[in-house]
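In order, the protein sequences belong to chains Z and S.
Quick note: the first sequence, position 103, residue 88 per the numbering used here, numbers continuous.
Quick note: the second sequence, position 70, residue 55 per the numbering used here, numbers continuous.
C-beta: ideal position from N, C-alpha, C; glycine also.
Presented below is the structure to which this report refers.
There are 2 protein chains.
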Amino acid sequence: MARRAPTEPRKFASQERSRATVDALVEATARILVKEGFDKASTNRIAEVAGVSVGSLYQYFPGKEALVAAVDERHKQQVMQTVRGELAGILDQPVEQGVRKIVALAVKAHRVDPKLHRVLAEQIPRVGKLEALGTFNRENYTLFRTYLESRQHELRVDDLDLASFVCVTTIEALTHNAVLHHPKMLSGDMMEALIDEAARLVTGYLKR
Amino acid sequence: MARRAPTEPRKFASQERSRATVDALVEATARILVKEGFDKASTNRIAEVAGVSVGSLYQYFPGKEALVAAVDERHKQQVMQTVRGELAGILDQPVEQGVRKIVALAVKAHRVDPKLHRVLAEQIPRVGKLEALGTFNRENYTLFRTYLESRQHELRVDDLDLASFVCVTTIEALTHNAVLHHPKMLSGDMMEALIDEAARLVTGYLKR
DNA sequence: GCAGAATACGAGCGACCATTCGCTTTTCAA
DNA sequence: TTGAAAAGCGAATGGTCGCTCGTATTCTGC
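Listed below in structure tokens is the structure:
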């Protein structure tokens, strides 16, 4: 294999200084997305806010899309870390309690960084390399399906794929809408009520 | 009141020729959105596809956003026409059958123009005047709430606002996801199965 | 302390885009 | 028939944006 020409955008930052640059760029992108919106997130602006030159930006990212994708990826990782962590203690619980905790967990996940979550969901045009962003979340689907498998004896449903699709879609939509579009529900009581309702909805559908 | 200066963008087209121009512009915008995507929809391109000059475009629309908003509005009207029409015959049906028909109707609504619906949902950055596009659909919410009121004696829920939020969000998300992200479900059987599941989910939640 | 690699810089280029405006053509009422 | 309003035209303008590249600075192994 021939060495890559050094003029080509480098993918990996080996020195610490450059890792800091990459972080600053991703962080600046996230900040601009939240505070000024997607269409203000030009490469020049991102570089400026990051305290970095445009040239440096293009050493690590092939373009604007890659920055946004990196922000999305970082956010997704943070959310999934929360989810995976808490889910461990739920897996062996019966449907009645388990589903309620899963719904509460979904709410918690949407509260990791609601403003960023909303911008990513609403302002990013899913075009080109960003096409896959909004696609149905595969990991949540798999995790939930695994839970259903372990609880199958409690369930009235037999098609676990279909049931997982129904449940994950429902829980995601309800928590997403509640957290991001109904600020009134931020009050604890309202949100508790919603979690109860969602849990009852899903539990009734699943339980034998 | 002083007469408006004739150089200012006119809002209303009085002659038939100009109404045709407006239609052509909206139609061209929709076509470009579907076939080439949001970022190819420049004002120059829209005018070109419409067979109209850019100048004329600006006689009737203050800018690109207004075009997209018009497309969205037209699509929404078409969908709501379908919904209102079919809903009339459902209102006096008991929850068991009514909810299933409402779910089937939601599927039908998503099939009015799935490609356009998807572009509007995924590619349009909700910024500026387009901010309100993706907001929770108020009319569906109201219509469903009215149905619940008329069937309240059958219901175990008492907070109709909360219940409507839960049901409309759920039905919308399930049908949207199924129609737009799971082409396999386009086959009649699969879709029937999904409609059954969704109906059972919602019915079990609502019924006394 | 030195050489070369890695990193950073930022003015500037080319492309594209939204919007304007002076002008022509069409319509229609009088 | 006519003239004024309505509608249409499209080259041109000003601005922004993504991205490049020649140069300057910093780091690291020797």
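- Close partners of Tyr190 of chain S in chain Z (Cβ separation under 7 Å): Arg185, Leu186, Gly189.
- Within the same chain, and ignoring the five residues on either side of Ser(-1) of chain S in sequence, no residue has its Cβ closer than 7 Å to its Cβ.
- A direct Cα-Cα distance of roughly 49 Å separates Ala26 of chain Z from Glu139 of chain Z.
- A distance of 8 Å or more separates the beta carbons of Thr6 of chain S and Val53 of chain S.
- Rounded to whole angstroms, the Cβ separation of Pro99 of chain S and Leu165 of chain S is 6 Å, and the two are in contact under 8 Å.
- Listed by position along chain S, the residues whose Cβ is nearer than 9 Å to that of Thr14 of chain Z form an empty set, because the closest Cβ is around 15 Å away.
- About 30 Å separates the beta carbons of Val151 of chain S and Leu18 of chain Z, which is beyond the 8 Å limit, so they are not a contact pair.
- Taking a beta-carbon distance threshold of 8 Å, His166 of chain S counts as an interface residue toward chain Z.
- The Cβ atoms of Glu58 of chain Z and Lys114 of chain Z lie no closer than 8 Å to each other.
- Bounds of the alpha helix (DSSP H) holding Gln82 of chain Z are 80 to 95.
- Any Cβ of chain S closer than 8 Å to the Cβ of Asp24 of chain Z would place that residue at the interface, and such an atom is present.
- Residue pairing of Leu140 of chain Z in beta bridges, as defined by DSSP: Z:Lys192.
- Annotated as proximal: Val80 of chain S and Lys192 of chain S, with beta-carbon spacing under 8 Å.
- Contacts between Glu139 of chain S and chain Z, judged by CB atoms closer than 7 Å, are missing: the closest CB pair is about 15 Å apart.
- Within chain S, the residues whose beta carbon sits less than 9 Å from that of Ala158 of chain Z are Thr154, Thr155, Glu157, Ala158, Leu159, His161, Asn162, listed in sequence order.
- Taking a 10 Å sphere around the C-beta of Glu157 of chain Z, we find 16 or more other C-beta atoms and assign the residue as buried.
- DSSP places Met65 of chain Z inside the alpha helix (DSSP H), whose first and last residues are 49 to 72.
- Cβ atoms of Leu133 of chain Z and Ala148 of chain Z come within 8 Å of each other, at about 6 Å.
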